[in-house]
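For the sequence shown, the tail end lands on 688 under numbering that gives the first Met the number 0, and the numbers increase by one without skipping.
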Amino acid sequence: MICLPSNGIEYIAIAIHIGIIRNNKRRFSKSNFLTNLTLVVRGRGRGFGRGRGASRGRGGRGASRGRNGRGRIITRGGRRGGFQIARSQSLNVDQQTTSVNPLANLDINVDPKPFFVNANVTIDQHIQAQTTNLPRYLAALFTLDENSVDIGQKAKACALAAAWCRHDHKLANNLLRCRRLFTLTEVLKAVTMLDAARQIRVYEKQLKRLELSKTKPKATKLGKIKNNLDNLNKLKPSTGSASGAVARHIQRWTRTLTLQELEYFALHMPTEPWKKLADIVHFNPTKDFPSLPWFLPFCFGTPAPTDTMVSRCRDLTVDNINNLIKEFKIPYSHLKQFKEHLNDQSKARIASYEEKLDTILWYYEDLQCSDVDDIISERIRNGEQITLPYGKLMERLLLLRTIRDNVSETRSFRGTGRGRGAERIARNVDNQHSAESRKMTFYSDLLVIAEAQLQKIKLPLESPVAVIGDASSSMNVAIRTATILSSLLTAICSAKLNFFNNQMFLPAFTPKTIEDVLTLALTTRASGCTANAAGLVPYYDSKEVIKTFVMVTDEEENTDARLADDTSTRFFNLFMKYRTEIYPAKLVFISFLRHQHAQGQMYKEFQDANVPDVIQFKFSGERPDLTKIDNLLGLLSTGSSDSFDDRVGKLQNEFQQNGMESVITKLLNQQEENSTVPMEAEMAAVTTN
0 MICLPSNGIE YIAIAIHIGI IRNNKRRFSK SNFLTNLTLV VRGRGRGFGR
50 GRGASRGRGG RGASRGRNGR GRIITRGGRR GGFQIARSQS LNVDQQTTSV
100 NPLANLDINV DPKPFFVNAN VTIDQHIQAQ TTNLPRYLAA LFTLDENSVD
150 IGQKAKACAL AAAWCRHDHK LANNLLRCRR LFTLTEVLKA VTMLDAARQI
200 RVYEKQLKRL ELSKTKPKAT KLGKIKNNLD NLNKLKPSTG SASGAVARHI
250 QRWTRTLTLQ ELEYFALHMP TEPWKKLADI VHFNPTKDFP SLPWFLPFCF
300 GTPAPTDTMV SRCRDLTVDN INNLIKEFKI PYSHLKQFKE HLNDQSKARI
350 ASYEEKLDTI LWYYEDLQCS DVDDIISERI RNGEQITLPY GKLMERLLLL
400 RTIRDNVSET RSFRGTGRGR GAERIARNVD NQHSAESRKM TFYSDLLVIA
450 EAQLQKIKLP LESPVAVIGD ASSSMNVAIR TATILSSLLT AICSAKLNFF
500 NNQMFLPAFT PKTIEDVLTL ALTTRASGCT ANAAGLVPYY DSKEVIKTFV
550 MVTDEEENTD ARLADDTSTR FFNLFMKYRT EIYPAKLVFI SFLRHQHAQG
600 QMYKEFQDAN VPDVIQFKFS GERPDLTKID NLLGLLSTGS SDSFDDRVGK
650 LQNEFQQNGM ESVITKLLNQ QEENSTVPME AEMAAVTTN
């Protein structure tokens, strides 16, 4: 380590690769010097530039930003104005490069999963994958979707854009048939990628004009243009553009949009994405939107015709809401902002005209009244199917059980899918609602449906399986969700189950049915300190072979556990001893963390030690969301490479033998039969642009 003062920069501590300088015959220039810089630590003042890879910021803060990912080196302490010593956890260039390198070796024939779950995969890599083995590419995409694995918007947009770049319009058209996967958001992102080269030329001309201008341009304006250029260069594919052929295919796609879909867009969604898309594609308002010719002008500011639902319902108020419901079949997703002002007659009408019973159950706490209960029961008796996602169905059952039993609910449950706020459910239900709720005849019907779905779930976890549930005080908010997850996995995998706080304790009974799961969730209480190792102690002391451990916890371990020989230990050390002495078990963390970007202190220990066969699934510790159960089950289903590869292989053979269009049609028909989400949740992605 060589520490040098530098003119123009108050404090710099640098580490120079002497070997690189010595071995390279090139001249050691300023640029070479910066290339070999591995650590920059600043004190007070600005860094030496705001560009990519430069250091910037104030105080003891330095950031390195470059194409190899984001790195941040931070030092604190020391007197202001003196040299500061960097700690060992600072990242160096080699470490950053290593973390990114695996993406350079992606091979669709070896492992197709990263193409759809890793946001760092580029459009050019998608193009290469489609060119190399399109049947396997499609098989992986639809297998992940079948298993409810969350496929990123960027990955879907890249898949669509890659098809257009390859001039494979048949593939692009078939992908666009999958309305749930490929929404306006993905179409706009894909077109933006293809249009990036043109936009780059526009910004470069603008930048050149500003630089040649006699009047010095503002730094903020130049910075904004350069930032746009950086972003566009990341998006730009090596081949392909937003050609007229692509525009014509998008125009054909918009012609398939139904009146219901366009009205929904007009009522609920921002118009800006449509304006951006129209700027590139150049729609004809009448020909390209035949179901609703006034839709495109509406997006550009023209009011909707006065006799339409959109015109009347854009000005909903607490005074006219109940009258308009008598006149129009307004989607409940547009009415829910006025839920406190709906009378029972309006609630009953909504429950009658909503196309899917799933929607009524999804928003049951908003619409609850005796008439709605009767309508739900009648629709179920008439054979209407309930196809809610399993996690949502469990969340609904928990709600109904708390209402039915008049349980005083003191915790927050996140009660919906994307875009819906946290709902506080069944809070101190009053006697009137309690009396009504005991008439909930449909509760038992939902139990039967949930039980049938439970029997169908198969997880390829290596048996025997042990589930360890955190019931310490820090889990107070999430205890019911955590107990439901623990109990469900126990029932699905025929697993062993225990709980812990400062010591291990067994559940009152082993859950085998959905009713058991709900009962255990409502009776398990959170208390005491957090000694995660306590749940593992009985398996270690008895030398019992468990091949997969599932740890449901907030990872806030703060207490040692004691072994039979009175030795104190924490979970990481005990698990490593278990792997060495008894069996090299796999470990699944189901982690309830404070925020979505938190890593979890226990999972990080395993990552830092490069322990294999350890995975993590995150829930919010503040707003535990049971609807994410489907994503969890999907992750666990695809976590076994054998089962995932087996399904991908079968679907790949189908694509090869029967053709793309035939297989996608079959998959879409299956999805339609099992459609699970209200339109609001299906289309909500449009708002996240």
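We put the beta carbon where it would ideally sit given N, CA and C, even for glycine. If you're wondering where the values come from, they're calculated on a predicted model, not measured in any experiment.
Exercise. Closer than 6 Å by C-beta to residue 194: which residues in its own chain qualify, once you throw out the five before and the five after it? Chain order, please.
Key: These residues qualify, in order along the chain: 241, 279.
Quiz prompt | Whole-number beta carbon distance between residue 626 and residue 468, since they are thought to touch under 8 Å | solution = Not a contact, Cβ separation roughly 20 Å.
Quiz item: Going along the chain, which residues of its own chain have a beta-carbon closer than 7 Å to the beta-carbon of residue 130, five neighbours each way excluded?
Solution: Same-chain partners within the cutoff: 165.
Quiz item: Near residue 592, which residues of its chain fall below 6 Å by C-beta distance, leaving aside the five closest residues on each side in sequence?
Solution: Excluding sequence positions up to five before and after residue 592, its CB lies within less than 6 Å of the CB of 599, 617, 620, all in the same chain and listed in chain order.
Exercise. Please state whether DSSP places residue 148 in a helix, a strand or coil.
Key: Residue state, collapsed to three classes: coil.
Quiz item: DSSP beta-bridge partners for residue 590?
Solution: Its beta-bridge partners are 552, 617.
Quiz prompt | Cα-Cα separation, residue 337 to residue 126 | solution = If you take the alpha carbons of residue 337 and residue 126, they lie about 47 Å apart.
Quiz item: Alpha carbon to alpha carbon, how far is residue 319 from residue 312?
Solution: Whole-angstrom Cα-Cα distance: 10 Å.
Practice problem: Ignore the nearest five residues each way along the sequence and tell me which others in residue 393's own chain have a CB closer than 7 Å to its CB. | Solution: Here the set comprises 449, 483, 625, 628.
Practice problem: Examine the Cβ distances between the region 549 to 569 and the region 514 to 525 and report whether three or more of them are shorter than 8 Å. | Solution: Verdict: no, contact absent.
Quiz prompt | Secondary structure of residue 669, DSSP reduced to three states | solution = Shown here, residue 669 sits in a helix according to DSSP, grouped into three states.
Quiz item: By how many angstroms is the C-alpha of residue 267 removed from the C-alpha of residue 363?
Solution: Spanning the two alpha carbons is a distance of roughly 21 Å.
Quiz item: Quick check: the region 574 to 584 against the region 542 to 561, are there 3 or more CB pairs under 8 Å?
Solution: Segments in contact, yes.
Self-check item: Own chain, CB closer than 7 Å to residue 525, minus 5 neighbours either side, in chain order
Solution: Taken in chain order, the residues that qualify are 470, 471, 472, 474, 475, 478.
Quiz item: Hey, how far is the Cα of residue 335 from the Cα of residue 492?
Solution: Their Cα atoms are separated by approximately 39 Å.
Quiz item: Are the beta-carbon atoms belonging to residue 236 and residue 372 less than 8 Å from one another?
Solution: For residue 236 and residue 372, no; Cβs fall outside 8 Å.
Quiz item: Which residue or residues does DSSP assign as beta-bridge partners of residue 560?
Solution: Bridge partners of residue 560: 568.
Quiz prompt | Rounded straight-line distance, which links the Cα of residue 645 to that of residue 358 | solution = Distance between the alpha carbons of residue 358 and residue 645: 35 Å.
Quiz item: Cα separation between residue 559 and residue 152?
Solution: Pairing residue 559 with residue 152, the inter-Cα distance amounts to about 42 Å.
Self-check item: Through-space distance from residue 139 to residue 111, alpha-carbon basis
Solution: For residue 111 and residue 139, the gap between their C-alpha atoms comes out near 6 Å.
Quiz item: Does the distance from the C-beta atom of residue 134 to that of residue 654 stay below 8 Å?
Solution: For residue 134 and residue 654, yes; Cβs fall inside 8 Å.
Practice problem: Can you check DSSP and say which residues form a bridge with residue 467? | Solution: As DSSP reads the structure, residue 467 sits in a beta bridge with 497, 550.
Practice problem: Please name the residue in 285, 570, 554 whose C-alpha comes closest to that of residue 594. | Solution: Measuring from the Cα of residue 594, the nearest candidate turns out to be 554.
Self-check item: For residue 333, the nearest candidate out of 264, 292, 548 (CA to CA)
Solution: When only C-alpha atoms are compared, the closest one is 264.
Quiz prompt | Neighbour-count burial assignment, residue 505, 16 or more Cβ in a 10 Å radius | solution = Residue burial annotation: residue 505 is exposed, with fewer than 16 other C-beta atoms found within 10 angstroms of its C-beta.
Quiz item: When you compare only the Cα positions, how much space is there between residue 216 and residue 199?
Solution: Cα to Cα, residue 216 sits roughly 19 Å from residue 199.
Exercise. Pick out whichever of 330, 386, 440 has its Cα sitting closest to the Cα of residue 369.
Key: Closest in C-alpha terms to residue 369, from the list 330, 386, 440, comes 440.
Quiz prompt | Pick from 211, 503, 515 that is closest to residue 488, judged by C-alpha positions | solution = The option with the nearest alpha carbon to residue 488 is 515.
Quiz item: In chain order, which beta strand (DSSP E) runs of at least 3 residues are fully inside the region 127 to 195?
Solution: As for any beta strand (DSSP E) of minimum length 3 sitting wholly inside the region 127 to 195, there is none.
Quiz item: If residue 132 and residue 104 are in contact, beta carbons under 8 Å, what's the gap, nearest whole angstrom?
Solution: No, residue 132 and residue 104 are not in contact; Cβ-Cβ is about 16 Å, not under 8 Å.
Quiz prompt | Extent of the continuous alpha helix (DSSP H) to which residue 336 belongs | solution = Per DSSP, residue 336 lies in no alpha helix (DSSP H) segment and is marked neither H nor E.
Quiz item: Could you give the uninterrupted runs of the alpha helix (DSSP H) lying entirely in the region 213 to 274, keeping only those of 4 residues or more?
Solution: Runs of the alpha helix (DSSP H) spanning 4 or more residues and lying entirely within the region 213 to 274 occur at 218 to 234, 243 to 254, 258 to 267, in chain order.
Quiz item: Since residue 390 is in the alpha helix (DSSP H), which residue starts that stretch and which ends it?
Solution: From DSSP, the alpha helix (DSSP H) with residue 390 extends over 389 to 403.
Quiz item: Are the CB atoms of residue 143 and residue 159 nearer to each other than 8 Å?
Solution: No, they are not a contact pair.
Exercise. To the nearest angstrom, report how far apart residue 172 and residue 398 are at their CA atoms.
Key: Approximately 41 Å, taken between the alpha carbons.
Quiz prompt | Distance between residue 300 and residue 287 (C-alpha atoms, nearest Å) | solution = Cα to Cα, the separation comes out at about 18 Å.
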